[in-house]
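A.B. asks: Provided herewith is a single structure, encoded as structure tokens, for subsequent inquiry.
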Amino acid sequence: MEVEVLEGIFDANEIIAAENRRLLDEHGVFMMNIMSSPGAGKTSVILAILEGISKEYSCAVIEGDIAGKVDSERIAETGVPAIQINTGGSCHLEAKQVNTALKRLKVDDLDVVIVENVGNLVCPAEFKLGEDLKVMILSVAEGHDKPHKYPLMFSESDILLVNKIDMIPLTDFDMAKLKETVTRMNPRVKIFEISCRTKEGVGEWIAFLKNVIAEKRKK
Ligand SMILES: Nc1nc2c(ncn2[C@@H]2O[C@H](COP(=O)(O)OP(=O)(O)OP(=O)(O)O)[C@@H](O)[C@H]2O)c(=O)[nH]1
Ligand SMILES: [Mg+2]
24 MEVEVLEGIF DANEIIAAEN RRLLDEHGVF MMNIMSSPGA GKTSVILAIL EGISKEYSCA
84 VIEGDIAGKV DSERIAETGV PAIQINTGGS CHLEAKQVNT ALKRLKVDDL DVVIVENVGN
144 LVCPAEFKLG EDLKVMILSV AEGHDKPHKY PLMFSESDIL LVNKIDMIPL TDFDMAKLKE
204 TVTRMNPRVK IFEISCRTKE GVGEWIAFLK NVIAEKRKK
């Protein structure tokens, strides 16, 4: 009899990610995985998304953090259900944690699930969760050289949100250089320049997202 070998945690994770995907597809639910370094603006972007779509779609948020429930409390204040996962030291979310959260959230009542991954530019890029869309955020204060240092995150993401553009005058951030590097690494990536503070560019990003969600729900 042949013995099946799972190549460590990555294969095991992919099997559960595929199960998450099946569960979401069965119920026509769209799930996005939001990733960035700590403080680049994940929770701010999620609040902006909820403001833009939660009247039209029934949404829920899964918050991943090493500790605490600060972010899930910020989401819950808006009236949108939020589940906090504390990884207890691990620097990324895994598919099995998301699977547990999805079962608690009762996906048949939902249209959109937004996952805020743990703040980190390395590990979250390696673990599929079963998402429809991988969204990464880079804030301008982090510098335009980050794709050279964290290539997997930039090449795996479907969307790059360059956040905090209101702060550009205070930095030496070079948008043209960033875009050139990222599109060389990942020609299919779609880039939006936004500020969650001034709301510049946010409308364009939300309009794009609404189209992507509507496309999935048509299927
Ligand atoms: N100036 C400016 N500040 C912003 C912008 N977006 C977010 N911030 C601020 O940046 C800080 C971090 O934002 P969060 O949304 O909490 O970032 P996060 O990525 O969720 O942080 P962690 O969950 O801790 O990794 C907060 O003080 C926000 O108010 C922006 O576009 N411009
Ligand atoms: Mg956050």
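Sequential numbering from 24 applies to the sequence shown in my numbering. Note that the Cβ used here is the ideal one computed from N, Cα and C, for glycine as well.
So, do the stretch 144-158 and the stretch 48-57 have three or more beta carbon pairs nearer to each other than 8 Å?
C.D. replies: Contact between the stretch 144-158 and the stretch 48-57 is present, because at least three Cβ pairs lie under 8 Å.
A.B. asks: Once you ignore the five residues that flank residue 185 on each side, which residues in its own chain have a CB closer than 6 Å to its CB?
C.D. replies: For the purposes of this step, residue 185 is identified with residue 162 of the sequence shown, where counting begins at 1. Counting only Cβ-Cβ distances below 6 Å, and skipping sequence neighbours, we find 161, 216.
A.B. asks: Comparing C-alpha positions only, which one of 110, 219, 147, 192 sits nearest to residue 92?
C.D. replies: Locating residue 92 in the sequence shown gives position 69, counting from the first residue. The shortest C-alpha separation from residue 92 is found at 110.
A.B. asks: Helix, strand or coil for residue 17, going by three-state DSSP, please let me know.
C.D. replies: Residue 17 falls outside the range modelled here, since the chain spans only 24 to 242, and no answer is possible.
A.B. asks: Below 8 Å on the Cβ atoms is my contact criterion, and I expect residue 139 with residue 87 to pass it. Report the Cβ-Cβ distance as a whole number of Å.
C.D. replies: Working through the sequence shown from its first residue, we reach residue 139 at position 116. Working through the sequence shown from its first residue, we reach residue 87 at position 64. The Cβ separation is near 6 Å, so the contact holds.
A.B. asks: For residue 141 and residue 105, what's the separation of their Cα atoms in angstroms?
C.D. replies: Stepping through the sequence shown from its first residue, residue 141 is reached at position 118. Stepping through the sequence shown from its first residue, residue 105 is reached at position 82. Distance between the alpha carbons of residue 141 and residue 105 is about 15 Å.
A.B. asks: Let me have the residue list for ligand 1: C-beta closer than 6 Å to any non-hydrogen atom, ordered along the chain.
C.D. replies: That query returns the following residues: 59, 61, 62, 63, 64, 65, 66, 67, 94, 142, 186, 187, 189, 190, 218, 219, 220.
A.B. asks: Helix, strand or coil: how does DSSP classify residue 114 here?
C.D. replies: On the sequence shown, position 91 is the one that residue 114 refers to. In this structure, residue 114 counts as coil in the three-state DSSP scheme.
A.B. asks: Just to confirm before moving on: does the CB-CB distance between residue 223 and residue 188 stay below 8 Å?
C.D. replies: Residue numbering aside, residue 223 sits at position 200 when the sequence shown is read from its first letter. Residue numbering aside, residue 188 sits at position 165 when the sequence shown is read from its first letter. Against a cut-off of 8 Å, the Cβ pair of residue 188 and residue 223 comes out as a contact.
A.B. asks: Where does the unbroken alpha helix (DSSP H) through residue 223 begin, and where does it stop?
C.D. replies: Position 200 of the sequence shown, counted from the first residue, corresponds to residue 223. Premise fails: residue 223 is in no alpha helix (DSSP H) and is neither H nor E.
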